[in-house]
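Written below as structure tokens is the structure these notes are about.
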Amino acid sequence: AHCKVPGNFYNDHGIGICLIGNFEHTRPTAVQMRSLAALCRFLCEECQIPESQVLTHGGITGRTKCPGRNFSLAELHRRLGQTVLASSTR
Numbered sequence: 008a009h010c011k012v013p014g015n016f017y018n019d020h021g022i023g024i025c026l027i028g029n030f031e032h033t034r035p036t037a038v039q040m041r042s043l044a045a046l047c048r049f050l051c052e053e054c055q056i057p058e059s060q061v062l063t064h065g066g067i068t069g070r071t072k073c074p075g076r077n078f079s080l081a082e083l084h085r086r087l088g089q090t091v092l093a094s095s096t097r
């Protein structure tokens, strides 16, 4: 029940990913962001999830600071785009 909000089905049909850290105080490491991007890209391809549906906990519920002010969803989406470009040139 990590994203329970009336009218959505993210808990029933979503995939939750957890990064360890307090991103209100620190930034995710470069290794965490690379790994997260690789995992998200894999899940997007395997489960046919549009990149636009890669969301944050706080972005869904609006009831939490999670993942924290130092986590950049824009950076993750940028990295996902780079992953697409890198895989398409192979």
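When we follow the working numbering, the leftmost residue of the sequence shown carries the number 8, and every step to the right adds one.
C-beta atoms are modelled at their ideal positions from N, C-alpha and C, and glycine is treated no differently.
My understanding is that Pro74 touches His64, with C-beta atoms under 8 Å, so please give their C-beta distance in whole angstroms. Correct: roughly 6 Å between the Cβ atoms.
Hey, Leu46 and Ile24: beta-carbon distance below 8 Å or not? Judged by their CB atoms, Leu46 and Ile24 are nearer to each other than the 8 Å cut-off.
As assigned by DSSP and simplified to three states, the class of Gln60: The DSSP-derived three-state label of Gln60 is helix.
So for Gln98, helix, strand or coil by DSSP? Any question about residue 98 goes unanswered here, given that the chain covers just 8 to 97.
Cβ separation of Glu52 and Leu87, assumed to be a contact under 8 Å, to the nearest whole Å: Going by Cβ atoms, the distance from Glu52 to Leu87 rounds to 11 Å, so no, they are not a contact pair.
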